[in-house]
Each structure stands twice: as C-alpha cells, then as structure tokens.
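Quick note: the sequence shown uses the numbering used here, first residue 11, plus one each step.
For each residue, glycine too, the CB sits at the ideal point set by N, CA and C.
Since the structure comes first, as structure tokens, the remarks are kept for the end.
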Amino acid sequence: MRCQGMQARRGAWAPALRRPALVRSAAAPVATSAAPASTASSAAPSRPALRLRFGTKNIPHPKKAHYGGEDAYFVSEAGAGVAGIADGVGGWQEAGINPADYSRSLMKVARQYLEECSTVAGGTLSSGEWLAGQRAGGQPGGDALAAELAQRAAAQAGSSGSGGASSSSSSVSSGDAFVAAASAARIDIPPPLTSGDADGPRTAQEALDVAHRATQFPGSSTACVLRLDAARGTLDAANLGDSGFLIVRNGQLHFQSPAMQHFFDCPLQFGMPPDTDWAQDAAVFCLEVQPGDAIVMATDGLLDNLPAEDIVRLAPPSAAEVEQAAAAMAELASQNAADPDFESPYSREALEEGYDLPWWEKLTTSKFKDGKFELGKLRGGKMDDITVVCAYVVQQ
C-alpha cells in the first residue's frame, strides 16, 4: 500500500485525529539554481577545491532498538563527499515484513553506485548499464520475490486470456523482483534517468533511481541523497519524502528542503510497483556552497521533533565538531519525542492540517494560563527512529 505505515506512525494520536481533505503535493522536480551546468563548469578553475567532512548519529525507536530501527544511512569520501539517508515505512511490520530490509538495501545500492560511477569523469557507465550489471549478478532477496510475483502475473494472464506470462518468466530467470512486480501489475516502468553530461559524474537523482530499481525486498522507504560537486562548487541533492536537509551559513538558516507528501503523514516513498513513487518525482536541488557551510541531513524522526531554530543553533561551527553536533541534535530530538507537552514541529503541522484532540480531551486538559482559560490542544513529540548526518564544507 502507498501509505502502508501511516496509521502506525500516528501511534497514540490516531483515535484523536480527524482526516483532512487529501491533497497531493506537486511532484515536479524542483530546481533551485537557474544557472545551467555548463555555465557553472566554465567558472570551475577559479573555484577553491571543496570537500565534505561528515559526522553521524542514529537513535532507534526504543521499541525497535533490538534490530537497529528502520532508518538507514551512509556517508562516503567518494569524490568530494556523498551521503544518503532513508526511512523505512514502519507499517510493513503488520504484514510480517521488516521495513529495515528495504531502506538498508536502498542505501547500500545508492552508495555503491555513487562510489563506482560518480568519482571518475569520462568513460563512466550510464545508470542503465550499471543497473544491468547489478541485475546480472543478482541482488539479495530477489529470486523468491520475483518467482512469487511472476506466478501472480501468470495467474492474472491466464484468467484474462492474455499472453502476459513471457515477460514474467524472464523475470524469474533473472531474479528481478522489481520487473516482476511491474509485470504482475501490468504497468510500464519509466526509462532510467540519465545525466545530461554522459561523461560527467553521476547525479544524486540517478543514484535514487538506480537504488529503487535494484532493491529486491518488499517494503517502502523515503530517501534523500546528496553529493558535493567540487568542480562546480555546488551541492547536488535529490529528495523523495519527508526526510530532507538544511544548509546553515554564518549562523543563519540558508536553505531548507521541503517535505514531499501525498497528504499529512503520508510521504512520497519508493517501493515495489505498482504502489510506488519514482525518482522522477523527487525534488532535485543544485545549490552553491562555500567553505564554512554546515549541512544537516535527517530523517523525519529528527525533523518532526527538532525545530529549525534548534538545528541552526546546534549546527557544527567547524569540521572538527560534526560528530558532536550530530549527537547533540539527535539526543535533543529524542528528548522532545518523549515529552507529551512539547509543541513539536509534528504537532504544529497536525494542527495546521486540521487534526486536533476531541472536545472532551480539550476540556480535561484545559488550564488557566496568565489569568486566561485555555482549552487543551494537540501537542507532544513523535517517537520514531532518529538519524542525522552533519556535514561541513571545507576547502582542500
């Protein structure tokens, strides 16, 4: 299901919520830099060589700590620095599926793709060629799921009298559960994304696309990937869902990526066809960065529990403090998540979307404040896995 984890993520609030009208966010990619890549490239010789220094912190949901939670992430020194973060949708547990399998596979493939393809300019494989090589080698979890989906497609083809079993059979032989799922659902898979510069480094959006197609587990996940393009002095990022990133410059919030949701608490997410969004739906960013910029990438476990002003306040002031900054943010977000009286970004957004306590709970939680009677309102943090990656831009 598209929003498999929605009810599970609402937790104790679920009985108190009322559903607003469902509105899908615009799916068109967002470009934040008007300058074409060729223009930026021409100025490359005058730019200082930049690199990202990383620090990370992960705090699983207390009830999921025994298996590490459902978030996944990576950081890599490849190129000038690449990183990714994913949040497996927890509702899949109700079907006996470990949501972490999907998010971890997504990040493993994205990292491998960027490390192998984005660090060498000239003669690099296209995303389609790289993916074909991965499929030839097989992916964990693919064979059994592909066989199950192919059998489903064959059964559907037999019941309708159409000849749709041939593509399903090829999916079984290749062990490609992704293709088998699309065949079973009788949908066309969009062509792989390719960079405009065939010989240049691969992009963050391509990494998401390849990782989505190569992941061979049931489940779904949001994802955000970023890479520093040292030659252009830009941050190349792609985000699908309600994870995201912020840039802090000179102690001020310089940029924050917007959350992408179908409706409140139902983010865009990667999954097996047909219930999936695509890398083509991701928000894509090309942002100029400079030495001293701090970049904070996080799952919604942090963003739902830590206001932007606190993220800015705790952002690393130097490359030497990225680990401490990541830990401080994650620990404060964890404290806020457990505080039933904290007015979290999540509770504020819920109120803005029309969710609130039932009238009787408003009365029972009412109080006098500053000589005035105030009805109770929806408040509190949202217990969740918390993952944060702090990066600091340095000049080499």
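Closest residue to R358 among A214, F274, S231 (Cα-Cα distance): Locating residue 358 in the sequence shown gives position 348, counting from the first residue. Distances from the CA of R358 to each of A214, F274, S231 were compared; the closest alpha carbon is that of F274.
Could you name each continuous alpha helix (DSSP H) segment of 4 residues or more that falls completely within the region 261-338, going from the start of the chain to the end? 310-313, 318-324
So what's A347 in DSSP terms, helix, strand or just coil? Locating residue 347 in the sequence shown gives position 337, where the first residue counts as 1. The answer is helix: DSSP assigns A347 an H, G or I state.
Tell me whether the beta-carbon of G106 lies closer than 8 Å to the beta-carbon of E80. Here residue 106 corresponds to residue number 96 of the sequence shown, with the count starting at 1. Here residue 80 corresponds to residue number 70 of the sequence shown, with the count starting at 1. No, these two residues do not count as a Cβ contact at 8 Å.
Cα separation between E353 and G390? For the purposes of this step, residue 353 is taken as residue 343 along the sequence shown, with counting starting at 1. For the purposes of this step, residue 390 is taken as residue 380 along the sequence shown, with counting starting at 1. Each residue's alpha carbon lies about 6 Å from the other.
State the start and end residues of the unbroken alpha helix (DSSP H) segment that holds D219. Here residue 219 refers to the residue found at position 209 when the sequence shown is read from its first residue. D219 -> alpha helix (DSSP H) spans 214-224.
For N315, count neighbouring C-beta atoms within 10 Å of its own C-beta (all shown protein chains included) and say buried if the count is 16 or more, exposed if not. In the sequence shown, the residue the question calls residue 315 occupies position 305. With 16 or more Cβ atoms within 10 Å of its Cβ, N315 is classed as buried.
Going by Cα to Cα distance, which pick from I305, A90, K74 is closest to R323? For the purposes of this step, residue 323 is identified with residue 313 of the sequence shown, where counting begins at 1. Ranked by Cα distance from R323, the options I305, A90, K74 are led by I305.
Per DSSP, what are the beta-bridge partners of R63 in this structure? Along the sequence shown, one-based indexing puts residue 63 at 53. Its beta-bridge partners are Y402.
Residue environment, D351, which counts as buried when at least 16 other CB atoms sit within 10 Å: By 1-based counting over the sequence shown, the position of residue 351 is 341. Answer is exposed; the Cβ neighbour count stays below 16.
Please classify A330 as buried or exposed, where buried requires at least 16 neighbouring CB atoms within 10 angstroms. Position 320 of the sequence shown, counting from 1, holds the residue named residue 330. Residue environment: A330 is assigned as exposed (fewer than 16 neighbouring CB atoms within 10 Å of its CB, all protein chains considered).
For the ligand HEM, I want to know if C127 counts as a neighbour, meaning its beta carbon is within less than 7 Å of at least one of the ligand's heavy atoms. Annotation note on the ligand HEM: not contained in the displayed structure, which lists no ligands.
May I ask you to report which of helix, strand or coil DSSP gives L256? Position 246 of the sequence shown, counted from the start, is the residue given in the question as residue 256. Strand at L256.
Under the three-state DSSP convention, the category R237 falls into: Start at 1 with the first residue of the sequence shown, and residue 237 comes out as number 227. R237 falls in the strand class under three-state DSSP.
Inter-residue CB distance, L236 and D246 (contact presumed, cutoff 8 Å): Stepping through the sequence shown from its first residue, residue 236 is reached at position 226. Stepping through the sequence shown from its first residue, residue 246 is reached at position 236. Contact between L236 and D246 holds, since their C-beta atoms are separated by about 7 Å, short of 8 Å.
What's the C-alpha gap between A325 and H272? One-based indexing of the sequence shown puts residue 325 at position 315. One-based indexing of the sequence shown puts residue 272 at position 262. Looking at the two C-alpha atoms, the distance is approximately 30 Å.
Let me know the secondary structure DSSP gives G391 once reduced to three states. The sequence position of residue 391 within the sequence shown is 381, counting from 1. Coil.
Selection from G91, A88, I69 that minimises the alpha carbon distance to A338: Mapped onto the sequence shown, residue 338 falls at position 328. Of the candidates G91, A88, I69, the one whose C-alpha sits nearest the C-alpha of A338 is I69.
Look up V85 in the DSSP assignment and say whether it is helix, strand or coil. Indexing the sequence shown from 1 puts residue 85 at position 75. Here V85 sits in strand by DSSP.
Tell me whether A47 sits in a helix, a strand or coil according to DSSP, three-state version. For the purposes of this step, residue 47 is identified with residue 37 of the sequence shown, where counting begins at 1. Residue confidence is low: A47 scores 38 on pLDDT, short of 50, so the model does not pin down where it sits. No coordinate-derived value is stated.
Looking at C-beta atoms only, is the number of pairs between the region 114-127 and the region 82-93 that lie closer than 8 Å three or more? yes
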